[in-house]
Amino acid sequence: MSTIQIQINGEARQVSGPQPLSELLAQLPDLPANFAVAVNENFVPRPAYPDTTIEAGDQLELLVPMQGG
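For reference, each letter of the sequence shown is one residue, going 66 to 134 in the working numbering.
This is the structure in C-alpha coordinates:
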(Lines of atoms letter the chains of each structure in order from A; the text may use other names.)
(Lines give C-alpha, C1' and ligand atoms only; values in the text may rest on other atoms or scores of the structure.)
Protein backbone atom coordinates (compact mmCIF):
# COMPACT_ATOMS: atom_id res chain seq x y z
CA MET A 66 0.00 0.00 0.00
CA SER A 67 1.32 3.43 -0.87
CA THR A 68 0.66 6.89 0.54
CA ILE A 69 -2.14 8.93 -1.00
CA GLN A 70 -3.36 12.46 -0.43
CA ILE A 71 -7.02 13.04 0.42
CA GLN A 72 -9.02 15.83 2.04
CA ILE A 73 -11.04 15.41 5.22
CA ASN A 74 -13.34 18.34 5.97
CA GLY A 75 -11.21 20.52 3.69
CA GLU A 76 -7.90 19.58 5.35
CA ALA A 77 -5.26 17.82 3.22
CA ARG A 78 -4.03 14.56 4.72
CA GLN A 79 -1.55 11.88 3.74
CA VAL A 80 -2.85 8.38 4.46
CA SER A 81 -2.06 4.83 3.40
CA GLY A 82 -4.14 3.80 0.46
CA PRO A 83 -6.13 2.99 -1.40
CA GLN A 84 -8.09 1.51 1.51
CA PRO A 85 -11.69 0.88 2.57
CA LEU A 86 -13.52 3.77 4.20
CA SER A 87 -14.13 1.63 7.30
CA GLU A 88 -10.37 1.16 7.82
CA LEU A 89 -9.64 4.84 7.29
CA LEU A 90 -12.27 5.88 9.84
CA ALA A 91 -10.84 3.42 12.38
CA GLN A 92 -7.53 5.32 12.19
CA LEU A 93 -9.02 8.74 12.89
CA PRO A 94 -8.91 9.95 16.50
CA ASP A 95 -11.81 11.56 18.33
CA LEU A 96 -14.65 10.59 16.00
CA PRO A 97 -18.04 11.35 17.51
CA ALA A 98 -20.45 8.47 18.15
CA ASN A 99 -22.89 9.67 15.50
CA PHE A 100 -21.77 11.10 12.19
CA ALA A 101 -22.40 10.79 8.47
CA VAL A 102 -19.82 10.57 5.71
CA ALA A 103 -19.85 12.00 2.20
CA VAL A 104 -17.15 11.01 -0.29
CA ASN A 105 -16.79 13.35 -3.25
CA GLU A 106 -20.14 14.95 -2.31
CA ASN A 107 -21.97 11.59 -2.25
CA PHE A 108 -23.48 10.30 1.01
CA VAL A 109 -22.15 6.86 1.99
CA PRO A 110 -24.48 4.72 4.15
CA ARG A 111 -22.75 3.05 7.11
CA PRO A 112 -23.26 -0.52 5.73
CA ALA A 113 -21.31 0.53 2.59
CA TYR A 114 -18.19 1.72 4.49
CA PRO A 115 -16.26 -1.57 4.02
CA ASP A 116 -17.03 -1.62 0.27
CA THR A 117 -16.19 2.06 -0.36
CA THR A 118 -12.55 2.44 -1.42
CA ILE A 119 -10.82 5.72 -0.61
CA GLU A 120 -8.37 6.68 -3.34
CA ALA A 121 -5.95 9.54 -4.05
CA GLY A 122 -7.70 12.88 -4.45
CA ASP A 123 -10.92 11.85 -2.71
CA GLN A 124 -12.68 14.48 -0.62
CA LEU A 125 -14.38 13.33 2.56
CA GLU A 126 -16.79 15.30 4.69
CA LEU A 127 -17.56 14.04 8.19
CA LEU A 128 -20.89 15.52 9.20
CA VAL A 129 -22.17 15.67 12.77
CA PRO A 130 -25.92 16.10 13.28
CA MET A 131 -26.97 19.32 15.01
CA GLN A 132 -30.24 20.12 16.69
CA GLY A 133 -31.83 23.47 16.39
CA GLY A 134 -35.04 25.28 15.98
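Glycine included, every Cβ here is placed at the ideal spot set by N, Cα and C.
* **Identified DSSP bridge partners for R78** => I71
* To do: Have a look at L125 and T68 and give me their C-alpha separation to the nearest angstrom.
  => 16 angstroms
* Asked: From L128 to M66, what does the alpha carbon distance come to, in whole angstroms?
  -> 28 angstroms
* Asked: Buried or exposed: where does L96 fall if 16 or more other Cβ atoms within 10 Å of its Cβ makes it buried?
  -> exposed
* Asked: If you run the structure through DSSP and keep just helix, strand and coil, what is P85?
  -> strand
* To do: Please classify A113: does DSSP put it in a helix, a strand, or coil?
  => helix
* Asked: For I119, which option in A98, S81, Q132 has the closest C-alpha, if you only look at C-alpha atoms?
  -> S81
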